[in-house]
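Protein chains in written order, with numbering that gives the first Met the number 0: chain A, 0 to 195; chain B, 0 to 395; chain C, 0 to 210; chain D, 0 to 380. I have placed the structure first, in the form of structure tokens, so that the comments after it can refer back to it.
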Amino acid sequence: MNGAGIIKGMIETARNFAGSYHDSKRLTTVQYPEEKLAPVENARTIPFLVYDGGDAMPGLRCTACMICEKECPPQCIYIVKDQVKKPDFVGKMQMQPKVFDIDISVCMSCGICVEVCPFDAIKMDQVFELSTNDRFGGLLLNKTQLAKPNEYFNKLHKTEASEIDARRIEEKQKAEAAAAAKAAAPKPPAAPGGAK
Amino acid sequence: MSGLDQIFVGIGHGLAGWAPASVRPLVAAVLEIAGIMAVFGSCFALTTIVERKVLGRMQNRYGPNRVGPCGLLQPLADGIKMLTKEDIVPFSADKTVHFLAPLALTVPVWLAFAVLPFGRNMSAIELNSGILFFFAIGSASELAVFMAGWSSQNKYSLVGAMRAIAQMISYEVPLVLSTVPVLMLAGSLSLNDIVAAQGTYTFGGLARWNVFTPWGLAGLLLFLIAATAESNRSPFDLPEGESEIIAGFLTEYSGFKYALFFLGEYLGLFALTGLAVTLFLGGWHAPFQWLEWAPSWLWFGIKFGALIFLFIWVRATLPRLRLDQLLNFSWRFLTPLSLINLLVAAAWYWTGAWKSAAAPPVRWLLCAALIALPYHWLGQALRGASPPPRKYNYAE
Amino acid sequence: METLEQLKTRIEAAAPGAQVDIVPNGCPASQPSLLLDGGHARAVAQFLRDDPTLAFDYASNVTGVDWPEKTIKEKIKVKKTVEGVEKEVEEVCERKTPAYLEAVYHLYSMARKHGPLILRLRTENRADRVALPSLTPVWRSCEFQEREIFDLYGIVFEGHPDLRRLLMWPEFTDHPMRKDYVEADDYEYEPTPHEEVLAKARKHYPGGTPA
Amino acid sequence: MSASTTTVELAERAPENQLLEVSLGPQHPSTHGVFRMDVALDGETVVKLKPVFGYLHRNHEKIAEKCSYLGSMPYTDRLDYICSLTNNWAYALTVEKLAGLVAPERAEYIRVILSELTRLINHSALAGFLLQDMGALGTPLMYAFREREKILDLFESLTGARMMCNYMRFGGCRCDLPPGWIEQARSLVAEFPKFLDEFEALLTGNEILLARTEGVGVLPAKLAVNAGVTGPMLRASGVNYDIRKVDAYGVYGRFKFRVPLGERGDVFDRYMLRILEMRESLKILDQAMRDLPGGPIMDPKAKLRNLRPKPGEAYGRIEGPKGELGFYLISDGGPNPYRYRVRPPSLINLTILEDMCLGQTIADAVVILGSVDIVLGEVDR
Numbered sequence: 000m001n002g003a004g005i006i007k008g009m010i011e012t013a014r015n016f017a018g019s020y021h022d023s024k025r026l027t028t029v030q031y032p033e034e035k036l037a038p039v040e041n042a043r044t045i046p047f048l049v050y051d052g053g054d055a056m057p058g059l060r061c062t063a064c065m066i067c068e069k070e071c072p073p074q075c076i077y078i079v080k081d082q083v084k085k086p087d088f089v090g091k092m093q094m095q096p097k098v099f100d101i102d103i104s105v106c107m108s109c110g111i112c113v114e115v116c117p118f119d120a121i122k123m124d125q126v127f128e129l130s131t132n133d134r135f136g137g138l139l140l141n142k143t144q145l146a147k148p149n150e151y152f153n154k155l156h157k158t159e160a161s162e163i164d165a166r167r168i169e170e171k172q173k174a175e176a177a178a179a180a181k182a183a184a185p186k187p188p189a190a191p192g193g194a195k
Numbered sequence: 000m001s002g003l004d005q006i007f008v009g010i011g012h013g014l015a016g017w018a019p020a021s022v023r024p025l026v027a028a029v030l031e032i033a034g035i036m037a038v039f040g041s042c043f044a045l046t047t048i049v050e051r052k053v054l055g056r057m058q059n060r061y062g063p064n065r066v067g068p069c070g071l072l073q074p075l076a077d078g079i080k081m082l083t084k085e086d087i088v089p090f091s092a093d094k095t096v097h098f099l100a101p102l103a104l105t106v107p108v109w110l111a112f113a114v115l116p117f118g119r120n121m122s123a124i125e126l127n128s129g130i131l132f133f134f135a136i137g138s139a140s141e142l143a144v145f146m147a148g149w150s151s152q153n154k155y156s157l158v159g160a161m162r163a164i165a166q167m168i169s170y171e172v173p174l175v176l177s178t179v180p181v182l183m184l185a186g187s188l189s190l191n192d193i194v195a196a197q198g199t200y201t202f203g204g205l206a207r208w209n210v211f212t213p214w215g216l217a218g219l220l221l222f223l224i225a226a227t228a229e230s231n232r233s234p235f236d237l238p239e240g241e242s243e244i245i246a247g248f249l250t251e252y253s254g255f256k257y258a259l260f261f262l263g264e265y266l267g268l269f270a271l272t273g274l275a276v277t278l279f280l281g282g283w284h285a286p287f288q289w290l291e292w293a294p295s296w297l298w299f300g301i302k303f304g305a306l307i308f309l310f311i312w313v314r315a316t317l318p319r320l321r322l323d324q325l326l327n328f329s330w331r332f333l334t335p336l337s338l339i340n341l342l343v344a345a346a347w348y349w350t351g352a353w354k355s356a357a358a359p360p361v362r363w364l365l366c367a368a369l370i371a372l373p374y375h376w377l378g379q380a381l382r383g384a385s386p387p388p389r390k391y392n393y394a395e
Numbered sequence: 000m001e002t003l004e005q006l007k008t009r010i011e012a013a014a015p016g017a018q019v020d021i022v023p024n025g026c027p028a029s030q031p032s033l034l035l036d037g038g039h040a041r042a043v044a045q046f047l048r049d050d051p052t053l054a055f056d057y058a059s060n061v062t063g064v065d066w067p068e069k070t071i072k073e074k075i076k077v078k079k080t081v082e083g084v085e086k087e088v089e090e091v092c093e094r095k096t097p098a099y100l101e102a103v104y105h106l107y108s109m110a111r112k113h114g115p116l117i118l119r120l121r122t123e124n125r126a127d128r129v130a131l132p133s134l135t136p137v138w139r140s141c142e143f144q145e146r147e148i149f150d151l152y153g154i155v156f157e158g159h160p161d162l163r164r165l166l167m168w169p170e171f172t173d174h175p176m177r178k179d180y181v182e183a184d185d186y187e188y189e190p191t192p193h194e195e196v197l198a199k200a201r202k203h204y205p206g207g208t209p210a
Numbered sequence: 000m001s002a003s004t005t006t007v008e009l010a011e012r013a014p015e016n017q018l019l020e021v022s023l024g025p026q027h028p029s030t031h032g033v034f035r036m037d038v039a040l041d042g043e044t045v046v047k048l049k050p051v052f053g054y055l056h057r058n059h060e061k062i063a064e065k066c067s068y069l070g071s072m073p074y075t076d077r078l079d080y081i082c083s084l085t086n087n088w089a090y091a092l093t094v095e096k097l098a099g100l101v102a103p104e105r106a107e108y109i110r111v112i113l114s115e116l117t118r119l120i121n122h123s124a125l126a127g128f129l130l131q132d133m134g135a136l137g138t139p140l141m142y143a144f145r146e147r148e149k150i151l152d153l154f155e156s157l158t159g160a161r162m163m164c165n166y167m168r169f170g171g172c173r174c175d176l177p178p179g180w181i182e183q184a185r186s187l188v189a190e191f192p193k194f195l196d197e198f199e200a201l202l203t204g205n206e207i208l209l210a211r212t213e214g215v216g217v218l219p220a221k222l223a224v225n226a227g228v229t230g231p232m233l234r235a236s237g238v239n240y241d242i243r244k245v246d247a248y249g250v251y252g253r254f255k256f257r258v259p260l261g262e263r264g265d266v267f268d269r270y271m272l273r274i275l276e277m278r279e280s281l282k283i284l285d286q287a288m289r290d291l292p293g294g295p296i297m298d299p300k301a302k303l304r305n306l307r308p309k310p311g312e313a314y315g316r317i318e319g320p321k322g323e324l325g326f327y328l329i330s331d332g333g334p335n336p337y338r339y340r341v342r343p344p345s346l347i348n349l350t351i352l353e354d355m356c357l358g359q360t361i362a363d364a365v366v367i368l369g370s371v372d373i374v375l376g377e378v379d380r
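As structure tokens, then:
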């Protein structure tokens, strides 16, 4: 019959039309502002700086080693080192960034800065409502705008965050044990030295 | 007849009654015009939103549902947008023709509604040559489309206009020819007589509509196909084939002129659907005897809505034909079929005299065969030597 | 597919007078290539395509490479008399490598399904004598790729049916992919945090950055 | 008879001033991006068709010469932005050839799974776009995009982004599969044939589609091979050349799948080829997911940063959904490549666009361009 193909096609659209009223698979639109898709753990949009403890600036994990600035393909990270050092979570004196800008209009959310950062200081955020009306300044985020607490990082990337926290706690204990051992150790040699 | 059926006629006469006698027919006419324009104007607004929602539902999405409750105020928003949009006229365009084109398209289409019977004695003018008037008015739209295409001085508009002319003329022929059997069997050109001819009921209370006869069914299908082509709708929307020639003759129109073209196109579709309902689906008659109590204009509305849904359904599914295929389809398939349909109607009329009990089914099958066989042969001829079915061999 | 040496001999036999030598390739991919001279390139290409056993009917990839002049410091043994004694002395001397533009053709055979044969054609120098014979008449797949090399590197392909710029606009004069290409600095001003971009932009907006 | 002579004959028939010079320009609803064709029309038939490129040219290769090897991996996502994972794999494969790295078993299997999923996305989206060019107002496209969304959700949960995955590294992949990913992928692959049957029911028998595609844009096999056409377009003309079978790169040698070949090489064959290839990809996905091994995801000795391969050059290629996607890298021992070249299948498949469109109508030229399946990110680089 000549029109058979067309009629088969029409039946197909009719099935979808009827299906859209009762079958969820045939109506896949998510009404964005009202309904929102569940956040996916691995998703990544723009980077943010992680800080421990309550206060942002002293708590920043970033030690201004500038690896992420070198490795960033579109060169959108801009760091200036600060002369003042600050102790990190293990107590070792580390540098800290005076200026840490990311131009999120240039950033292409590739996540390479996260991979190459040896201090787990920069992680990928999942916020995507980033529209601003200021084309120049609004998209150049500085250090304070980028800093977010470790709890926020745990909320976003649960598995990765828990691994990092576990590793850091373990390192802290090892460092304290080493420090305690060092503190205990010098007494005996000092003592005999002194006794002579 | 229930009061509800004649409610509009009653209102009309009531209001006309207040006017002084001398000017009464004029006021009655103005009321009818206002009624038609109000009903079909709002029907145009409704159809734009219904089309987008049905298309959406067929494509697994919602369709507009932000403006007003589930999108009902969307046409209002579109209207305001169209009115406030800047009306850009190209510098090299032929200003007057560019301005007149949308008017030349929309005004004749309104006239076509004058003869359609929307309900029991609810047709604006009872012309005894209603169909002739309808087709005479209907053929004015080609000129408007070509005026639009030519005056925009834009290459795509010119190609679109050329296509529109070829398409509309070649589909006017099957459109008119497919209505001829109805006129012959009803014996009159007046639409009201045609509807009256379909008024009686046969066994089991089923109405005696033309569509239940073989030539009526074939006629309706031919008419609908030709109607989609006349109103530039989906499988035949070559004049504004947006994936090839941007928007065809509409490319250089924006703002209210574009809205007028849009309105003209939809009204053309409504007029042709109204005619299809009148000729083949028994106008405002109820499908079964025991349903006669419902108001007549309601039946007209239900059948009208069903056909509009069919047009939208076709638009959601079918890709577009190419121009030479379009013309071949009309001249080598639709026109010969509608001529053969005349023979079938004649056979139907001639075998009407059989009195034996088994006559109706045998008569029906005979006439159906008379139309089905040419349908098959013409289809094969149209497709040419059908190439052998494709086989795809697989390499390891 | 035979090794490159056999291929070299067969090519020299088929196209008399063609200088063919093998360019080694150090990395693990071990894809050595054949260096052809410009004069006989098309004859060799014709032979490679039409020879039934080789049947290289598919030129997959045509690449332009820019080799600018480089000074290499080499330690070479030099006999010098030092305080009257004839002695071998290690000496560092600079040698300038010849500068040229190169077109690399990767050929495959769809009929025989065998691997990449890599041809290299080199121009005399990078300045005025940059002509090479076009292989589009032999393999039509080189048409757009040779146009791109002409556009981005500046190698003029003789015998190309329609040698125009492929990617840049016709009025563009320079060849962007060359190593010594200096970018035009008429950027629209964009506040990237990098000083040199800002400096360049500031040169164009003396009255401070545009609002 | 090369393209130029045919244009002369056709042009003589219509005197020069009668030809309608139209530029199916960068802004055109069906040129799949900013692609322009200067078309000379005699009435509706195409007499001359010159493609114009460069509107999306970002000089990707110059950027790569300034970036480190790792740094240009996210840029490869932007080449053919519909199939970012196959671009990643082609680049990773070439650098592994250059530097002599070997990816572990698990990473190779994951690469096959992801690239076959990408092939499903590309072929179904193409069928949708082709029908869109033919005038079916978005219905097939929406069905194809409904399936594409499910696959993109899989990519997002694994790589972090839907289209810009930046997932593969030299010597393996960036991160391992999250829990429940494989089950979700398996259920998707199980449901996909139902969608394909629905899609074919809607389209393949459709008389209008048959009328619009049969005998349109015929590409003879000899011209296809000579013009370097690769991928489904080449196989639609009947040439048996699929790089997954020829090179058997990665672990493709272990899977049993067939390569469909067309007969006439017209637009319908190209459309049908992609539907059949989707069915073959589903077979590969089943086998790959069935025997996905455990083990590390990344070669431990592969260095992430300042990879400095020894001086030399390498040309690696894969069977991308659009054809042979090749990368040619020349290293001079430094941290960034001396020369970085992408062999774009879309651009080279366009070489014979004029040959196919001559003598056809403008509506066919649009459909033929749709069947060639180009993405401007890859054409202009």
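We put the CB at the ideal spot given by N, CA and C, even for glycine. Just so you know, these numbers come straight off a predicted model, no measurement behind them.
Out of the options, state which residue places its alpha-carbon closest to the alpha-carbon of residue i.
i	options	result
Pro148/A	Met56/A, Ala63/A, Lys69/A	Met56/A
Lys142/A	Glu170/A, Lys80/A, Phe127/A, Asp87/A	Lys80/A
Pro335/B	Gln152/B, Val175/B, Phe211/B	Val175/B
Pro15/C	His39/C, Phe149/C, Glu73/C	His39/C
Trp138/C	Ser108/C, Glu93/C, Gly25/C, Lys69/C	Ser108/C
Lys84/B	Tyr252/B, Thr105/B, Gly67/B, Gln324/B	Tyr252/B
Does the CB of residue i have a neighbour CB from chain C at under 8 Å?
i	result
Glu377/D	no
Arg185/D	no
Would the beta-carbon of residue i fall within 8 Å of that of residue j?
i	j	result
Thr85/D	Pro320/D	yes
Glu171/B	Ser128/B	no
Ala384/D	Leu322/B	No statement about residue 384/D is possible, as the shown extent of chain D runs from 0 to 380 and does not include it.
Ile111/A	Cys75/A	no
Val250/D	Tyr108/D	yes
Pro169/C	Leu151/C	no
From the beta carbon of residue i, is the nearest beta carbon of chain B less than 8 Å away?
i	result
Gly8/A	yes
Ser19/A	yes
Ile76/A	no
Rounded to the nearest angstrom, how far is the Cβ of residue i from that of residue j, given a contact under 8 Å?
i	j	result
Asn165/D	Met72/D	6 Å
Counting only C-beta atoms, is residue i closer than 8 Å to chain A at any point?
i	result
Val53/B	yes
Verify the CB distance criterion: does residue i have a CB-CB separation below 8 Å to chain D?
i	result
Ala396/B	Any answer about residue 396/B is impossible in this case: the structure gives chain B only from 0 up to 395.
Indicate whether the contact test is met: 3 or more Cβ pairs, each with one atom in the region 276-291 of chain D and one in the region 98-117 of chain D, closer than 8 Å.
Touching, per the Cβ criterion.
Inter-stretch contact at 8 Å, needing at least 3 Cβ pairs: the region 109-122 of chain B / the region 164-180 of chain B:
no
Touch test, the region 273-280 of chain B against the region 182-199 of chain B, Cβ-Cβ under 8 Å, three pairs minimum:
yes
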